[in-house]
Amino acid sequence: MKFTQREVFENKFLEYGETTFYIMVLSCLVIVSAVPIITIGAALTAAYATFDRIEKRDGSISLKELISVFFKTFVKKFLPATGATIWIIGIGAFIRILSRNVNGNIFILALLIFIAIEGAIFFQTIFYVIAKGEYSYLQAIKKALYIANFKISKSILLIMIFSIIVVIVAYKAWMIILGVGLHVFINNKVLSKIA
């Protein structure tokens, strides 16, 4: 049985292997770029933009181009993504301050849970919206909040996917190399349908 060159290179196994390779490379790039915690937003934004480029090219992108797209987007979207990161850190600080004052008050507890869920969904969506580049900074924040509030089923799906990946990474720390990229890859697929 002979295979043509086209049949060999248009194999689903090789396609999935290539996607896994891209996920691992982007995971490493995000981890290295997010060492200063304030740059985590820019790193995630660059990863979303890189996955968009891969999808536009139907998976045919060289490693050099992948790294180039990542760092160009990292620099280009640094300010808005860092601003969103500061927003998220502020939400986390507010939740922390509010959690100290619960003292059995059911209203404050409900407000705390609501803000935590909103913050988590906002974290899942804002960097994707910034990576798209279709909106100004304030419009991107409004769009992310719109997705968090009015696309509830998809938003809950994003939180569940993130939670599962966190549990897997917590169980085996070395899996962070695949976990970060897999998280961005899955979010990119889900958010492309709702954003």
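My numbering puts the first residue of the sequence shown at 1445, with every later residue one more than the last. For glycine and all other residues, C-beta sits at the position ideal for the given N, C-alpha and C.
Residue i burial status per 10 Å Cβ neighbour count (16 or more: buried)
i, result
"Pro-1480", "exposed"
"Ala-1584", "buried"
"Ile-1600", "exposed"
"Asn-1549", "exposed"
Test item: CB-CB of residue i and residue j under 7 Å
i, j, result
"Thr-1489", "Lys-1521", "yes"
"Thr-1529", "Ile-1482", "yes"
"Ser-1543", "Leu-1555", "no"
"Ser-1471", "Val-1610", "no"
"Gly-1485", "Ala-1525", "yes"
"Phe-1514", "Leu-1458", "no"
Three-way DSSP call (helix, strand, coil) for residue i in this model
i, result
"Ser-1580", "coil"
"Val-1476", "helix"
"Asp-1502", "coil"
"Val-1610", "helix"
"Lys-1508", "helix"
"Val-1624", "helix"
"Asn-1547", "coil"
"Lys-1616", "coil"
Closest Cα partner of residue i within the set the options
i, options, result
"Lys-1516", "Arg-1501, Ser-1599, Ile-1550 and Ala-1575", "Ala-1575"
"Ile-1638", "Tyr-1466, Ile-1475, Gly-1577 and Val-1573", "Val-1573"
"Gly-1527", "Phe-1558, Ser-1512, Glu-1562 and Ala-1487", "Ala-1487"
"Leu-1510", "Thr-1463, Ile-1533, Val-1546 and Ile-1550", "Thr-1463"
"Ser-1634", "Ile-1621, Phe-1606, Phe-1514 and Ser-1477", "What sits at residue 1634 in the sequence shown is Val, not Ser. Minimum Cα distance to Val-1634 is reached at Phe-1606."
"Phe-1465", "Leu-1622, Ala-1560 and Ile-1533", "Leu-1622"
"Leu-1602", "Ile-1533, Lys-1616, Gly-1577 and Ser-1636", "Ser-1636"
Should the region 1491 to 1499 be called in touch with the region 1619 to 1632, which here means at least 3 C-beta pairs below 8 Å? As far as the Cβ criterion goes, the region 1491 to 1499 touches the region 1619 to 1632, which means the pair count is three or higher.
Examine the Cβ distances between the region 1564 to 1577 and the region 1586 to 1596 and report whether three or more of them are shorter than 8 Å. Taking a cut-off of 8 Å on C-beta distances, the region 1564 to 1577 touches the region 1586 to 1596, as three or more cross pairs fall below it.
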